[in-house]
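These notes are about the structure you will find just below.
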Amino acid sequence: MERCDLAIIGGGPAGLAAAVAAREAGVQDILILERDRELGGILNQCIHSGFGLHTFQEELTGPEYAGRYAAKVRALSIPYLLDTMALELSPERVVTAMNRERGLFQMQAGAVILAMGCRERARGSLNIPGYRPAGIYSAGTAQRLVNMEGYLPGKEAVILGSGDIGLIMARRMTLEGAKVHVVAELLPYSGGLKRNIVQCLDDFGIPLKLSHTVIDIQGRERVEGVTLAQVDENRRPIPGTEERYKCDTLLLSCGLIPENELSRGAGVELNPVTSGPVVDESLETSVPGVFACGNVLHVHDLVDFVSQEAEAAGKSAAGFLAGKNTRGRRSIALRAKDGVRYTVPATVDPNRMGEETIVRFRVSDVYRNPTIAVSCNGEILLRKKRMIVSPGEMEEIRLKKAQLLARPDIQEITIALEAAK
Amino acid sequence: MSEIRNLICIGCPMGCPLAVTLEDGGVSKVEGNTCKRGDAYARREVTNPTRILTTTVPVRGGTSPTVAVKTAGEVPKPLLLKCARAVKNLTAEAPVKAGQVVFKNICGTGVDLIAVKDVERGAPEAASKR
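From first to last, the protein sequence lines stand for chains S and H.
If you count the first sequence from 1, position 171 lands on 171 in the numbering used here, and the numbers rise without skipping.
If you count the second sequence from 1, position 52 lands on 52 in the numbering used here, and the numbers rise without skipping.
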């Protein structure tokens with residue numbers, strides 16, 4: 001069987017940044033497996049600008065951001081395989097993959113970094129009644145068709161879901177000459193960035209209907225129209241509020257789910273809240289030598305934080321391969337409480353961590369003027385005041401090694417929101 | 001004559017509702033903001049709103065059927081749709097290099113349209129399947 005020191009599954013922003021960091025930390029034998037025809041992942045179809053403000057202090061388009069990391073990978077001569085699909089990962093870190101040139105092949109990796117990204121929630125998991133005609137796309141599929149394949153999927157569209165991809169596609173379809181009638185959002189608030197609501201909807205006079213959903217799709221061969229209705233606080237349609245829109249296309253932007261089929265096959269423990277692997281401070285999963293970063297771990301809002309996280313995973317994997325970063329005996333559990341839905345990582349080892357560890361999390365609702373409180377055994381370790389937190393914006397706190405080493409008996413750290421009174 | 005315009009600030013997730021008072025063609029008052037960024041955004045947005053346009057241009061003879069492009073600087077917001085329409089009639093010839101000017105001085109704005117990605121010469125993989 002072929003061998004490599006580090007196999008990276010996925011050549012998107014996470015995989016590329018992890019590869020660069022691992023090489024800079026001394027790993028020579030790296031292989032990136034990418035299923036698409038080029039490196040860069042989903043950024044290649046995100047042609048709008050707004051990427052890289054944190055990483056490069058300038059506003060780049062998706063392809064430009066991806067291009068910078070792909071250039072680093074090439075400059076460091078890190079090998080990669082394109083059009084190559086990873087099919088299976090074993091707990092012993094054997095990667096099974098295939099492509100047109102080599103057929104099916106297996107590779108024994110010293111360490112593996114999972115960087116497969118995420119997928120969009122599809123119609124099948126949304127329970128929308130109605131026919132199954134052509135013209136129903138996930139927003140990301142439509143984005144790929146328009147931006148990379150040069151097709152406009154329809155002329156009159158309704159969009160369900162106000163996540164950022166849905167908002168971006170409302171503008172994109174409009175610029176291409178289509179008419180976007182409305183964006184409907186089931187929740188009473190949008191999960192998208194304010195900037196996107198203003199610049200993708202308001203700029204073009206596209207209405208956003210909060211607390212609304214699609215209750216029927218008409219058309220046998222092709223979408224002919226959809227019916228929207230307002231929903232009550234239990235998200236049930238309110239009779240009498242139905243409105244029919246004539247359209248030929250329905251785009252769905254209803255959330256993203258980490259893509260963990262490979263992880264599951266390898267026996268990696270997953271967190272039901274994030275649908276991503278449970279990881280420790282080194283971003284190592286429950287399977288030794290298998291690390292995770294980017295949207296496969298938990299869905300991010302900003303690619304800059306994906307790159308940051310992936311660098312950490314790359315460094316950890318390099319340490320593991322050098323025999324300097326193996327899991328120790330001590331592990332402090334991080335418990336999410338009171339409005340905090342989860343934390344990544346889920347545990348920290350104070351001996352193994354660097355000087356500080358970034359802990360990222362999401363909140364369950366919109367809160368104004370809350371305080372993020374980090375505590376253990378009733379003692380407050382850290383308090384961070386925020387003007388506003390919302391489910392659409394990832395939050396972070398930093399744990400300090402010195403603070404944890406000074407408390408040798410702690411088993412658990414709680415991260416909670418103290419909402420404003 | 002004074003006029004009040006309502007905006008939502010895009011500076012952060014707070015999304016402050018802003019009320020901008022216009023008097024004799026100038027901004028006399030900004031209300032509703034909770035920080036300085038909100039004030040600056042409101043003034044710019046009512047006097048000279050600008051945006052970066054990003055779109056795609058079809059490519060002839062390239063490995064990809066399209067190339068992503070952007071305006072090298074911001075263009076006036078009222079011209080966005082006009083600029084997007086002007087781009088629709090363009091075709092680029094492969095190879096295209098990232099940073100290359102695809103269209104000069106779009107709609108008289110003085111801003112060039114540039115490619116954000118390389119497209120090499122060759123047969124598009126997707127096209128062969130069509």
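From the three backbone atoms N, C-alpha and C, an ideal C-beta is built for every residue, glycine too.
All values reported here derive from a predicted model rather than from experimental measurement.
query	result
Would you mind telling me which residues of chain H sit closer than 7 angstroms to proline 63 of chain S, beta carbon to beta carbon, in chain order?	Ala68, Val116, Lys117
Since I believe proline 258 of chain S is in contact with leucine 283 of chain S (beta carbons under 8 angstroms), could you give me their beta-carbon distance rounded to a whole number of angstroms?	The pair is not a contact, with the Cβ atoms about 14 angstroms apart (cut-off 8 angstroms).
Using C-beta distances below 8 angstroms, list every residue in its chain close to glycine 205 of chain S, excluding the 5 sequence neighbours before and after it, in chain order.	none
Mind checking histidine 300 of chain S: buried by the 16 CB within 10 Å criterion, or exposed?	buried
Rounding to the nearest angstrom, what Cα-Cα distance links leucine 201 of chain S and arginine 171 of chain S in this structure?	7 angstroms
Which of the three DSSP states is assigned to alanine 139 of chain S in this structure?	helix
What three-state label does DSSP hand methionine 169 of chain S in the structure shown?	helix
Counting only beta-carbon atoms, is leucine 175 of chain S nearer than 7 angstroms to chain H?	yes
Which chain H residues are close to histidine 48 of chain S, counting only those with a beta carbon under 8 angstroms from its beta carbon?	Thr54
In this structure, how does DSSP classify leucine 82 of chain S when only helix, strand and coil are distinguished?	coil
Please say whether glycine 62 of chain S and cysteine 46 of chain S have beta carbons closer to each other than 7 angstroms?	yes
Run down chain H in chain order and give the residues with a C-beta less than 7 angstroms from the C-beta of valine 198 of chain S.	Ile8, Ile10
Roughly how many angstroms lie between the CA atoms of arginine 121 of chain H and leucine 113 of chain H, to the nearest whole one?	21 angstroms
Are any of the Cβ atoms in chain S nearer than 7 angstroms to that of proline 95 of chain H?	no
Could you work out which residues of chain S lie near methionine 135 of chain H, taking near to mean beta carbons separated by less than 7 angstroms?	Missing from the structure shown is residue 135 of chain H; chain H here goes from 1 to 130 and no further.
Any beta-carbon of chain H closer than 7 angstroms to the one on arginine 68 of chain S?	no
Under 8 angstroms between beta-carbons, which chain H residues line up against asparagine 147 of chain S? List them in chain order, please.	Thr56, Thr66, Ala68
For chain S, is any of its Cβ atoms less than 7 angstroms away from the one on alanine 201 of chain H?	With chain H represented from 1 up to 130, any question about residue 201 of chain H goes unanswered, as that position is not in the structure.
List the residues of chain S whose Cβ lies closer than 8 angstroms to the Cβ of proline 51 of chain H, in chain order.	Note on residue identity: the sequence assigns arginine, not proline, to residue 51 of chain H. The contacting residues are Gln199, Asp203.
Determine which residues of the segment 90–103 of chain S have a Cβ less than 7 angstroms from any Cβ of chain H, and write them out in chain order.	none
Which ranges does the beta strand (DSSP E) cover as unbroken runs of at least 3 residues, wholly within the segment 186–230 of chain S, from first to last along the chain?	208–210, 212–218, 225–230
Is the segment 299–315 of chain S touching the segment 330–342 of chain S, taking contact as three or more C-beta pairs under 8 angstroms?	no
I want to verify the contact list: residues of chain H whose CB lies under 8 angstroms from the CB of arginine 195 of chain S, in sequence order.	Ile10
Please tell me whether glycine 61 of chain H has its Cβ less than 7 angstroms away from any Cβ of chain S.	no
How would you list, in chain order, the residues of chain S whose beta-carbon sits under 7 angstroms from the beta-carbon of lysine 77 of chain H?	Asp203
I'd like to know if methionine 169 of chain S contacts chain H, where contact means its C-beta is closer than 7 angstroms to some C-beta of that chain.	no
In the DSSP assignment, the beta strand (DSSP E) including lysine 246 of chain S goes from what residue to what residue?	243–246
So for alanine 178 of chain S, helix, strand or coil by DSSP?	coil
Just by C-beta distance, which residues in the segment 371–397 of chain S are closer than 9 angstroms to chain H?	Met387, Ile388, Val389, Ser390, Gly392, Glu393
Would you call the segment 231–245 of chain S and the segment 37–50 of chain H touching, i.e. three or more CB-CB distances under 8 angstroms?	no
Figure out for me which residue from S:Lys385, S:Phe361, S:Arg383, S:Gly319 has the closest Cα to the Cα of methionine 353 of chain S.	S:Gly319
For glycine 441 of chain S, which option in S:Cys376, S:Leu16, S:Arg220, S:Gly192 has the closest C-alpha, if you only look at C-alpha atoms?	Examination of residue 441 of chain S is not possible in this model, given that chain S is present from 1 through 421 alone.
How about isoleucine 413 of chain S and isoleucine 332 of chain S: do their beta carbons lie closer than 7 angstroms?	yes
Which residues in the same chain as valine 112 of chain S place their Cβ atom closer than 6 angstroms to its Cβ, once the five residues preceding and following it in sequence are excluded?	Ala7, Arg93, Val290
At 9 angstroms on the CB atoms, spell out the chain S contacts of alanine 98 of chain H, in chain order.	Pro63, Glu64, Gly67
What is the DSSP secondary structure of proline 91 of chain S, counted as helix, strand or coil?	coil
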